[in-house]
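Chemist: Residue numbers (the working numbering): 11 to 427.
See below:
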């Protein structure tokens, strides 16, 4: 017997499909709501991306920050790119950045420096040894490769300058052939400015008008100018030396005369001291005197104007740094006679030196050598040394001691024998 399946009305399948559809829609709605909730939570937990600064290299990712420190890039990769993007400087001139065409970066900034760089003997090698490249500290390219070549280059330059000056002096001396025995006015050759040797000297000066103006404003180190034989300055100083030689011995021959041009600062100190002393009623307080001095170097021999740096050489040290009161507690001695100044020189040397100086005398006090004066006191500016013999007769030692280096202005170095 065959059983018949009851006839279906069709509602059950329809209802199943409808239920399934509603379940999927409900599930989709739930998923959509979950995603929407996630988006809302994400938006509330972080600021909008448009307000976050981006990496300055890739401009895609936000800048990296850690522990309150913010960086310009997003990470190490972009950081390396930023560091390498700084253009290095030209290896030749060191002033302009290296040229880059977008694909390749060259060693130099352009064709001119490239030509020098390609030359083996070009400017990129040390100017002194020509073997090592010039030193470059990242900003400046120096002429030499290091301190050794730098110092050697300076020494060679100084030797070349001395040789040039010696050549000029010898040429000028060979032209000074004027007959100075005649009382006529000096010619242009033997009265020329000792500095430029072009214009005439001013009255009571060894320089012309232009050089005097420059010297009065210059604070450069001391300058020595040779007055060759036959020049008006040489003749004048030699005449003063011979006239001041008062002993019974023959007067030595003056061999060389050098003019000392001090910095403007030292001259101003000397004049200022003279003004202060003159304010105490001494109207005529300036005197030209002689100062005997020793030397330990070969400077001031013929053609040698080198001033040695040794503090043991009294002559060179005095020219460089003026008189040092700390080393002469008994004062700086000067004499009106050149023979008395000769007592303080190297007696065993064949060639001796004295300085012709201007001294601000001021108020003096007379003391004997056995009183061992170490100062003139607050009421006096200098000490005049005197004495007496066995019968009480007065002895003039012709020694004036001053205790202020500003009271003395060196004028000339006189070499004699």
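All C-beta atoms, glycine included, are put in the ideal place defined by N, C-alpha and C. Everything numeric in this text was worked out from a predicted model, so none of it was measured.
Whole angstroms are fine: how far does the CA of residue 127 sit from the CA of residue 121?
Modeler: In a straight line, the C-alpha of residue 121 is about 10 Å away from that of residue 127.
Chemist: With a threshold of 16 other CB atoms inside 10 Å of the CB of residue 270, please say whether the residue is buried or exposed.
Modeler: With 16 or more Cβ atoms within 10 Å of its Cβ, residue 270 is classed as buried.
Chemist: For residue 251 and residue 264, which I take to be in contact (beta-carbon distance under 8 Å), what is that distance rounded to the nearest angstrom?
Modeler: Rounded, the Cβ-Cβ distance is 6 Å, consistent with contact.
Chemist: In this structure, does DSSP put residue 87 in helix, strand or coil?
Modeler: Here residue 87 sits in helix by DSSP.
Chemist: Hey, would you say residue 108 sits closer than 8 Å to residue 115, going by beta carbons?
Modeler: Yes, they are a contact pair.
Chemist: Can you tell me whether residue 287 is buried or exposed, with buried defined as 16 or more other CB within 10 angstroms of its CB?
Modeler: Under this definition residue 287 is a buried residue.
Chemist: Is it the case that the Cβ atoms of residue 242 and residue 200 are separated by a distance below 8 Å?
Modeler: It is a contact, given that the beta carbons lie within the stated cut-off.
Chemist: Between which two residues does the beta strand (DSSP E) carrying residue 367 extend?
Modeler: 362-370 is the extent of the beta strand (DSSP E) around residue 367.
Chemist: For residue 276, tell me which candidate among 306, 406 and 226 has the shortest Cα-Cα distance.
Modeler: It is 226.
Chemist: Please work out which residues of its chain come closer than 8 Å, Cβ to Cβ, to residue 355, disregarding the five sequence neighbours upstream and downstream, and give them in chain order.
Modeler: The answer, listed in chain order, is 302, 303, 304, 362, 363 and 364.
Chemist: Mind listing, in chain order, the continuous alpha helix (DSSP H) runs of no fewer than 4 residues lying wholly within the region 335-359?
Modeler: Correct list: 348-351.
Chemist: Would you check if the distance between the CB atom of residue 331 and the CB atom of residue 370 is smaller than 8 Å?
Modeler: No. Outside cutoff.
Chemist: Can you tell me which of the three DSSP states residue 419 falls into?
Modeler: DSSP places residue 419 in strand when its eight states are reduced to three.
Chemist: From the DSSP output, in three-state form, read off residue 250 for me.
Modeler: Helix, per DSSP.
Chemist: On the three-state DSSP scale, how would you describe residue 408?
Modeler: Reduced to three states, the DSSP call for residue 408 is strand.
Chemist: According to the neighbour-count rule (16 or more other Cβ atoms, all chains shown, within 10 Å of its Cβ), is residue 171 buried or exposed?
Modeler: Burial call: exposed.
Chemist: Please tell me whether residue 262 and residue 229 are closer than 8 Å, where the distance is taken between their beta carbons.
Modeler: Contact: no.
Chemist: Excluding sequence positions up to five away, which residues of its chain have a Cβ less than 8 Å from the Cβ of residue 144?
Modeler: So the qualifying residues of the chain are 133, 134, 135, 136, 137, 151, 152, 153, 154 and 155.
Chemist: So the candidates are 215, 77, 74 and 84; which of them puts its Cα closest to the Cα of residue 68?
Modeler: Nearest option by C-alpha distance: 84.
Chemist: Curious, which full-length beta strand (DSSP E) runs of at least 3 residues does the region 261-301 contain?
Modeler: Runs of the beta strand (DSSP E) inside the region 261-301: 264-271.
Chemist: May I have the straight-line CA-CA distance separating residue 119 from residue 91, to the nearest angstrom?
Modeler: So the alpha carbons of these two residues sit roughly 22 Å apart.
Chemist: According to DSSP, is residue 424 part of a helix, a strand, or is it coil?
Modeler: Three-state DSSP puts residue 424 in a strand.
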